[in-house]
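Line by line, the protein sequences give chains G and U.
Just so we're aligned: 370 in UniProt numbering is position 370 of the first sequence, and the numbers increase by one with no gaps anywhere.
Just so we're aligned: 332 in UniProt numbering is position 332 of the second sequence, and the numbers increase by one with no gaps anywhere.
Written below as C-alpha cells is the structure these notes are about.
Number of protein chains: 2
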Amino acid sequence: MSGQKLRSMIVSEILKNVRDAEISSIEFEGPEIAIYVKNPQWILDGEEKIKELAKQLRKRMVIRTDNKVRKTKEATIQYIMENTPEDAGITPSDIQFDEVLGEVRVFADKPGKLLGKGKQFRNQVLANTGWRLEVQRKSPLISKTLASVLDLYIRASAERKKALREIGERVYRDMLVGPRNIRVIGLGSFGEVGRSSILLDTGESKILLDAGFAQSGYSVDAYPHFDAPEFRLEDLDAIVISHAHMDHMGLLPILYKYGYRGPAYMTPPTRDITVLMLKDFMDLFVREGKEPPFTMKDINTMLTRTITVNYNVVTDLSPDAKLTFSDAGHILGSALTHIHIGQGLFNLLYTGDIKYYKMKDETNTTRLQPPANTEFHRVEALIMETTYGGTETATREEAEAQLFELIKKVYERKGKILIPVMAVGRAQDIMVLINKALQDKKIPEMPIYIDGLIYEVTAIYTSYPELLAKPIRDEILHNDNNPFIGPNMVFVNDSSKRDEAIYSEGPAIIISTSGMMTGGPILEYFKNLADNQNNALVFVSYQAAGTLGRKIIEGEKEIQMMDGNQIKTIKVNLEVQRIEGFSGHANRSELQGFLRSLTPKPRIIILNHGEPSQTISFGLLIKQRWDKLGFESTPEVIYPENLEAIRLFPRNVKLHSMLNIFQQTQS
Amino acid sequence: MSGQKLRSMIVSEILKNVRDAEISSIEFEGPEIAIYVKNPQWILDGEEKIKELAKQLRKRMVIRTDNKVRKTKEATIQYIMENTPEDAGITPSDIQFDEVLGEVRVFADKPGKLLGKGKQFRNQVLANTGWRLEVQRKSPLISKTLASVLDLYIRASAERKKALREIGERVYRDMLVGPRNIRVIGLGSFGEVGRSSILLDTGESKILLDAGFAQSGYSVDAYPHFDAPEFRLEDLDAIVISHAHMDHMGLLPILYKYGYRGPAYMTPPTRDITVLMLKDFMDLFVREGKEPPFTMKDINTMLTRTITVNYNVVTDLSPDAKLTFSDAGHILGSALTHIHIGQGLFNLLYTGDIKYYKMKDETNTTRLQPPANTEFHRVEALIMETTYGGTETATREEAEAQLFELIKKVYERKGKILIPVMAVGRAQDIMVLINKALQDKKIPEMPIYIDGLIYEVTAIYTSYPELLAKPIRDEILHNDNNPFIGPNMVFVNDSSKRDEAIYSEGPAIIISTSGMMTGGPILEYFKNLADNQNNALVFVSYQAAGTLGRKIIEGEKEIQMMDGNQIKTIKVNLEVQRIEGFSGHANRSELQGFLRSLTPKPRIIILNHGEPSQTISFGLLIKQRWDKLGFESTPEVIYPENLEAIRLFPRNVKLHSMLNIFQQTQS
C-alpha cells in the first residue's frame with residue numbers, strides 16, 4: 001500500500017471509530033499517530049476503542065487535546081494535587097507543563113501510587129484538565145542531566161513537534177521500491193572491538209545501527225567508515241542506538257552536526273545516559289582548552305529528534321522496517337535491536353553488547369541487569385558480538401570471592417584499592433556489590449570513594465528501577481532500600497575529597513573512571529598511588545588494545561604520563577590484578593547459552609565486535625556444536641571485516657548452502 | 001603530487017625537451033598527452049627524445065601538428081601514393097582524413113609493406129605533410145561495421161576531441177584522498193554466469209569492470225545491480241570492458257543513455273565487435289516493432305568516449321589507477337584487465353573470460369587465440385572466472401575427432417548438422433576448423449552455410465590477424481591463405497539462401513547464431529529441421545540456465561515456439577549432441593594450468609562467473625592443491641555473491657590469516 005493511501009486509510013479508520021472525541025486533527029509525529037481531540041471526556045469511555053484500533057492498525061497512537069480545551073496550569077496542578085494520594089510523594093514543584101504537546105509531567109517518589117491500576121488516573125487527568133499526564137520516577141539522587149534533558153524537551157517543544165512531523169512524513173511515506181536486496185555493511189566493529197556502526201540497507205530504507213567511535217581514544221581515525229559511498233546522511237531513514245557506551249553512540253552528535261536530521265531511536269535510559277556521556281566528553285575538550293568536535297547545539301538537535309522506545313514496543317522506522325527493542329542485559333537500557341523488514345519478509349537481530357549470566361542464587365543476585373532476552377517471533381539473521389567469544393572467565397561468584405579476598409588482603413596491609421570502571425554499568429555493578437558486601441560484613445569497613453561521572457549515571461540508574469534485575473528492583477520498590485547508597489560511600493565532587501582519598505591514612509576503595517585508563521580521575525589516583533606496593537589496581541572489565549589499561553595488564557612497569565606540563569615517569573609498583581567474571585560482556589559460555597536459548601534460530605550468523613581470535617574461535621564453536629546449540633542444520637557463520645557488505649535477502653541459496661555443506665563436512 | 005603540479009611538471013618537461021618542435025599547445029586527450037607542433041620536420045630527429053620522455057614520465061604521448069602547417073589533402077594523398085611500394089595494395093580511395101586530430105588513415109592490404117621497419121614512414125609523412133599517419137589492415141571481407149565505426153570517428157571528430165579533453169582533465173586531476181580502502185563490489189556474475197559487472201573502488205577512484213546483461217535474455221532483471229547505492233554514474237572514473245560478448249558489454253550504451261560521460265576502455269577489436277553486436281541487438285528490437293532500450297545516439301556517445309588500448313600498453317585511468325590489458329585467449333580482442341593502484345600499493349587482475357589451452361601440435365593449431373597471458377609484474381588479488389571450474393572436458397583434439405565423426409555419420413544418412421554458435425569466437429573457431437578439415441579431407445565435401453552476424457564478425461577477425469595464434473597469423477600474413485574463407489562456405493544473407501540451406505537435398509553443415517538458441521536464425525533452422533531424426537544439433541559451447549539450448553540439452557522433447565503469430569510445438573527428433581572441448585572457457589584443468597603458470601601468485605583469489613557448484617568446486621581445488629599450483633602459502637579464496645563488497649586493502653590481516661589457517665588445517 002502506498003504511503004499516501006496508508007495514511008488516508010489510517011485517518012479514515014480513526015475518524016470512523018473515534019467520532020465522539022471531536023477530532024480537530026490527526027498528526028504523524030515520528031512513528032506515533034497523534035489524535036488531537038476537542039472532547040477529552042471521551043477518553044473515559046473511548047480508550048478501549050483506541051487500543052483496539054492501534055492493535056488493528058499495528059500503529060502507536062496517542063491522544064492529545066486541542067489547546068483550546070485545556071484548563072489553566074493552576075487549575076490542573078490543583079486537580080492533580082487534590083486527586084493524588086499523600087504517599088505518592090509529590091509537591092506542586094514536581095509538576096511541569098509542555099504547552100506544545102499538551103503534556104503535564106509529574107515527578108513522583110512512587111509513580112505507582114500516583115497512577116493507580118491501569119491508566120485510570122491518566123485518563124481522568126486528560127478528561128478533566130485536557131492535559132496528557134506523564135509520570136516519572138523522582139530519583140533519590142539529584143541528576144543534573146535528567147533535569148537538563150527534561151528542561152530541553154520543554155524549551156524545544158515546538159521545534160521537536162516540527163521535527164517529529166517531518167519524521168512522521170518520512171516514516172509514512174510512499175514505498176518507493178519496496179524491500180529487496182537486503183544488505184548489511186560493516187562500517188565499524190567488524191574484525192575489531194570498538195566504533196560500532198552497521199548500515200542496514202533494505203533497498204527501500206537505510207538504517208544505521210549504532211554510531212560509536214573506537215575505544216582507543218577520540219580521533220577521526222577512530223570513526224567508523226562514514227566515508228563509504230553507500231553511506232549517505234541524506235538517505236538515512238533512522239539511526240538506532242543499542243546502548244549508551246561511547247563506542248556505540250559517541251558519534252551521534254557528529255552525524256547531526258554534518259546534517260543528519262532524521263530520528264535517533266533508543267530506550268529512555270539510553271537517551272539520558274547518552275546525553276550525560278556526550279556532555280562530559282565535550283566538557284573534557286573545553287577543560288583542556290581544545291575545540292570539541294561537537295557542541296551543545298548538536299546535542300540539542302539530536303535530542304529534538306531522539307525518539308525513545310521502551311522494550312517490546314513495535315515501532316515503524318520506515319515503510320518497510322519495524323523496530324523492537326528488548327533487554328540485552330549489558331547496562332541499564334541496553335537493547336537487542338530487532339528489525340522486521342517487509343510484511344514477514346526478513347528479520348534481523350543485532351545484539352549490540354550482551355550479557356547472559358544467571359547467578360546461582362537468582363533470588364539474591366548482585367547483578368543489576370537481568371540476562372538478555374532470547375525469545376523472538378522470527379529471526380533469520382543475527383549480528384552477534386564476540387568480545388569474549390574465545391574466552392572462558394571465572395563465574396561471577398568466583399570473581400566476587402576473588403575481589404573480596406583482594407580487598408581484605410590490601411586492607412590488612414593498609415593499602416588502597418583502585419578500581420577503574422566505565423562510568424556506566426561496571427561502576428554501578430561494583431558499587432552495589434561492595435555496598436552489599438560491607439552490609440553483609442564480607443569485607444571490613446572502610447571508605448569507598450567514587451569519582452568521575454559515576455554519580456550522575458547512578459542517579460539515572462535509580463530513576464529506572466523497573467529495568468533492573470528483579471531482586472534489586474524489589475529492594476528499591478518494595479523495601480525502600482536503595483542499594484546504590486550506603487554510609488561508607490563518598491562521592492568525590494571536589495579536589496579536597498580527592499586529596500582525602502589519595503593522602504588519608506589507612507585503607508580505602510577508590511572506584512573511578514575511565515575504565516580503560518584513557519582519561520578521567522583514575523589517572524590522578526594512579527599517578528599518586530602507583531609506586532606504593534601496598535596499593536592494588538584491579539581491572540574488572542575489558543581493556544581494549546592501545547589503552548593504558550591494556551599496557552599495564554601486559555606488564556609495563558614504567559609509564560610516561562603528563563603531570564601538569566611535565567612528562568613524568570610513573571613506576572608501577574602497586575599490585576596489578578585482573579578479575580574477569582564481572583565483565584558486562586557475555587563470555588564464551590554465556591554466548592553459547594544465549595544461542596542455545598535463542599528462539600527461533602537464525603540461518604545466518606554474522607560475528608562482530610571481537611578481536612579476530614575471539615571472533616573466529618566462537619565461529620568455529622558454532623560450526624562444531626550447532627546441533628548441541630539446538631540448530632536443526634548448521635547456520636551460515638560469516639566473519640566480515642569493516643567495509644564488507646553481506647547480502648542477506650535474497651541470498652544465493654545455492655552458493656551458500658553448498659559452501660555450508662562443505663564447511664560442515666570438514667568440521 | 002597534485003594533478004595541477006603533475007600537469008605543470010609534464011608540460012615543463014616537454015617544453016624543455018622538445019623545444020625545436022615549436023610547440024603550439026600541449027593537451028591532455030583522455031589518457032594521452034598530445035603535443036601540437038608547428039615544426040613537424042622536427043620528428044625526424046626528435047622521435048627518440050619523445051620516446052625517452054614518455055618512458056621517463058610513464059605517460060602515453062602523441063605528436064600532432066598545428067593545423068596551419070598541414071599540407072592540403074590532395075598534396076598529402078599524392079605524397080603517400082608516390083612513396084608507397086606497389087605491393088602494399090592501396091589506392092587513393094583507401095585514404096581518409098580526420099581534420100580535427102590531423103590524422104590521415106590509410107587502409108592497406110599489407111600494412112607492413114607500407115610502414116616499413118619501425119616508424120620511419122610514419123615520421124616521414126608527418127614531417128613532409130603535417131598529417132599523422134595511421135595504417136589499418138584492409139579486411140578481405142567487407143565489413144559495414146568497421147566502415148561505420150571509422151566513418152563515425154571522422155564525423156564526430158570534434159566532439160570526440162572535446163570529450164577526450166574532458167576525460168583528460170579528470171584523469172590528470174588532483175588526487176583527492178589517495179587510494180585507501182580498496183574494495184570490489186560484485187554487481188553481477190558473482191555466484192552465477194552472466195551480467196558481468198564489478199565495481200572497483202580505490203577510495204580515490206571508481207572503475208567499473210564490464211557492464212553486461214544476463215544471457216537468459218534482455219530485461220531489466222537481467223541487468224547487474226546498478227541500483228546499488230555505492231554505484232553512481234557521476235562518480236565513475238572509467239569503464240573497462242574485457243571483451244565483446246553481450247554479457248560483458250551489452251549495457252554500455254545504457255550507461256551512456258543514463259548520463260555517463262566518462263571513458264570506456266577496450267581493445268580495438270573489442271570496440272569493433274561491440275559496435276556490431278550492439279547495433280544488431282538494437283535492430284532486433286526494431287525488426288520486432290519494439291522500442292530498443294538504447295539508440296544509435298547512445299552508441300555514438302559511447303564511441304565518442306571509447307578509448308582503445310592495445311595489449312601491454314600502460315594507460316592512466318585516474319590519478320591512482322593504471323590499466324594494462326593482456327591477452328585472455330577467449331575471443332578476438334579479449335583481455336585480462338590488470339589495474340595497478342597507487343604507486344606500487346596494490347595490483348588487481350581480473351580475468352574476464354579466459355581460455356588457457358595449448359594444443360599438442362602448437363605449430364599447426366586450429367585454435368584462433370593463443371592461451372591467456374600469465375606473466376605480470378605484480379598481482380595481489382585475482383578475480384577469476386570459473387564457468388567450468390568443476391568440469392573436465394575432452395581435449396580439443398578429442399572434441400575435433402568427435403565432431404568430425406558426427407559430421408561423417410550425419411553425412412552418411414544425408415542429414416543436416418546444425419551448430420548453434422555465438423557470433424563472436426566459437427563461430428570463427430568452428431568455421432576455420434571445418435574449413436581446414438575439408439581442405440585436409442578429414443570430412444567429406446558438403447556446403448557450409450553460415451548465418452547470422454557471423455560474416456560481419458569474421459570480417460573484423462580478418463582485420464586483426466596479428467592478434468591470432470601464430471600458425472594462423474602466419475598463414476594469413478605470409479602465405480596469403482585466409483583460413484576464414486573457403487569454396488564450400490555460403491554466407492547466408494537473404495531468405496532464399498536460408499531456404500536453400502533448409503530445403504535442399506543432401507547433407508550440409510549449418511553454423512548459425514545465437515549460441516544458446518535464445519534468438520537468431522538458428523531458431524528458424526531448428527523449427528524446420530528438428531523433427532527429422534537424420535539431422536543433428538550439436539552444441540559446442542556453454543548453455544546458460546534458462547536458455548532454450550539448456551532445455552534441449554536437458555532432454556526436453558517438445559518445445560513450444562512462436563511461428564509467425566502462432567505457437568507451434570516442435571518435436572525434438574533430431575540427434576542432440578554436446579561437445580565440450582571447443583569451449584572458449586578454460587575448463588578445470590586449464591584454470592589450474594593458468595593459476596600454476598600465473599606469476600606472481602596472488603594472495604587473494606575471488607571466484608566469480610560460474611554456477612555455484614562449479615565455483616565452489618574450483619575453490620576447494622585451490623585450497624587442496626595450492627602448493628602444487630606453486631603458491632608459497634594457501635591463498636585466501638572468496639566466493640562473494642552479487643552486492644557483496646570485499647575489502648582488498650588494507651585487509652584485516654589478523655582476521656583473514658587466522659580464518660585461512662583454519663580452513664587449511666581442515667582440508
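Glycine residues also receive a C-beta, built at the ideal position from the N, C-alpha and C atoms.
These numbers come from a predicted model, not from an experiment.
Please confirm if G:ARG647 has its CB atom under 8 Å from at least one CB of chain U.
-> Using a Cβ-Cβ cut-off of 8 Å, G:ARG647 counts as an interface residue toward chain U, since at least one Cβ of chain U sits closer than that to its own.
With a CB to CB cut of under 7 Å and the five nearest residues on each side skipped, what residues in its chain are close to U:SER667?
-> The predicted position of U:SER667 is uncertain, since its pLDDT is 45 and thus under 50; no value can be drawn from it.
Spatial neighbours of U:LEU477 within its chain, please: CB distance less than 7 Å, with the 5 preceding and 5 following residues excluded, ordered by chain position.
-> These residues qualify, in order along the chain: PRO465.
For chain G, is any of its Cβ atoms less than 8 Å away from the one on U:LYS237?
-> Here residue 237 of chain U is Asp; the residue named in the question, Lys, does not match the sequence. Chain G contact via Cβ: absent.
Is there contact here, the segment 102-114 of chain G with the segment 44-61 of chain G, by at least three beta-carbon pairs under 8 Å?
-> Contact fails between the segment 102-114 of chain G and the segment 44-61 of chain G, because fewer than three Cβ pairs, one in each stretch, are under 8 Å apart.
What is the DSSP secondary structure of U:SER667, reduced to helix, strand or coil?
-> Its pLDDT being 45, under 50, U:SER667 is placed unreliably by the model, and nothing is read from it.
Beta-carbon separation of G:LEU236 and G:GLY262 under 8 Å?
-> Going by C-beta atoms, G:LEU236 is nearer than 8 Å to G:GLY262.
Under 8 Å between beta-carbons, which chain U residues line up against G:MET658? List them in chain order, please.
-> Under the 8 Å cutoff, chain U gives PRO612, SER613 and ILE616.
For G:GLY188: DSSP bridge partner residues | According to DSSP, which records beta bridges pairwise, G:GLY188 is partnered with G:SER197.
Nearest chain U C-beta to G:LYS16 closer than 8 Å, yes or no?
-> G:LYS16 is outside the set of residues whose beta carbon lies under 8 Å from a beta carbon in chain U.
Would you call the segment 445-458 of chain G and the segment 481-495 of chain G touching, i.e. three or more CB-CB distances under 8 Å?
-> Contact between the segment 445-458 of chain G and the segment 481-495 of chain G is present, because at least three Cβ pairs lie under 8 Å.
Can you list, in chain order, the residues of the segment 189-222 of chain U whose Cβ is nearer than 7 Å to any Cβ on chain G?
-> From the segment 189-222 of chain U, only GLY191 and ASP201 have a Cβ closer than 7 Å to chain G.
Quick one: Cα of U:GLU52 to Cα of U:GLU204, how far?
-> For the pair U:GLU52 and U:GLU204, the Cα-to-Cα distance works out to about 29 Å.
G:TYR357 - DSSP class collapsed to helix/strand/coil | Note: G:TYR357 maps to coil in three-state DSSP.
Report the rounded CA-to-CA distance for G:THR365 versus G:ARG155, giving the unit in angstroms.
-> If you take the alpha carbons of G:THR365 and G:ARG155, they lie about 41 Å apart.
Looking at C-beta atoms only, is the number of pairs between the segment 577-593 of chain G and the segment 389-408 of chain G that lie closer than 8 Å three or more?
-> Segment contact: the segment 577-593 of chain G against the segment 389-408 of chain G, three or more CB-CB distances shorter than 8 Å; contact assigned.
With hydrogens ignored, establish whether the beta-carbon of G:TYR464 is closer than 7 Å to any heavy atom of the ligand GTP.
-> Among the components modelled here there is no ligand, and therefore nothing to report on the ligand GTP.
Below-8 Å beta-carbon distance, U:LEU57 vs any chain G residue | Judged by the 8 Å Cβ criterion, U:LEU57 is not in contact with chain G.
State the beta-bridge partners of residue 668 of chain G as determined by DSSP.
-> The shown model of chain G, from 1 to 667, leaves out residue 668 of chain G, and the question about it has no answer.
Return the residue from the list G:PHE28, G:ASN67 and G:PRO31 that minimises the CA-CA distance to G:ASN39.
-> Here the closest residue by C-alpha is G:ASN67.
Confirm, please, whether the CB-CB distance from G:ARG64 to G:ARG132 is below 8 Å.
-> Against a cut-off of 8 Å, the Cβ pair of G:ARG64 and G:ARG132 comes out as a contact.
So, is G:ALA147 buried or exposed, given that buried needs 16 or more other C-beta atoms within 10 angstroms?
-> Classification of G:ALA147: exposed, given that the 10 Å Cβ count is below 16.
For the segment 372-391 of chain G, which residues have a CB atom closer than 8 Å to at least one CB atom of chain U, in sequence order?
-> Near chain U, meaning a CB-to-CB distance below 8 Å, no residue of the segment 372-391 of chain G qualifies.
Sub-8 Å separation of G:SER25 and G:VAL171 beta-carbons = G:VAL171 sits away from G:SER25, with the two beta carbons spaced by 8 Å or more.
Straight-line gap, G:ASN310 to G:ASP210 (C-alpha atoms, nearest Å) | Those two C-alpha atoms are separated by around 17 Å.
Should G:GLY342 go down as buried or exposed, given a rule of 16 or more other Cβ atoms within 10 Å for buried?
-> The residue in question, G:GLY342, is buried, as its Cβ has 16 or more Cβ neighbours within 10 Å.
In three-state terms, what does DSSP make of G:HIS338?
-> G:HIS338 sits in a strand when the DSSP states are folded into three classes.
When the Cα atoms are used, what is the spatial distance from U:ASP267 to G:PHE231?
-> In the sequence on display, residue 267 of chain U carries Thr and not Asp. Those two C-alpha atoms are separated by around 35 Å.
Identify the contact partners of G:PRO319 in chain U, using a Cβ-Cβ distance below 9 Å as the criterion.
-> Listed along chain U is no residue with a C-beta nearer than 9 Å to that of G:PRO319; the closest approach is about 17 Å.
Applying the criterion that 16 or more other CB atoms from any shown protein chain within 10 Å of the CB defines a buried residue, is G:LYS363 buried or exposed?
-> Note on residue identity: the sequence assigns Thr, not Lys, to residue 363 of chain G. Exposed, since its Cβ has fewer than 16 Cβ neighbours within 10 Å.
How is U:ALA394 classed by DSSP in three states: helix, strand or coil?
-> Looking at U:ALA394 - three-state DSSP - the assignment turns out to be coil, as it is neither helix nor strand.
Note down, in chain order, every chain G residue with its Cβ under 7 Å from the Cβ of U:ARG183.
-> Those are LEU643, listed as they occur along chain G.
Give me the Cα-Cα distance between G:ALA544 and U:GLY389, rounded to the nearest whole angstrom.
-> Those two C-alpha atoms are separated by around 43 Å.
Buried/exposed call for U:ILE567, threshold 16 Cβ in 10 Å = U:ILE567 should be labelled exposed.
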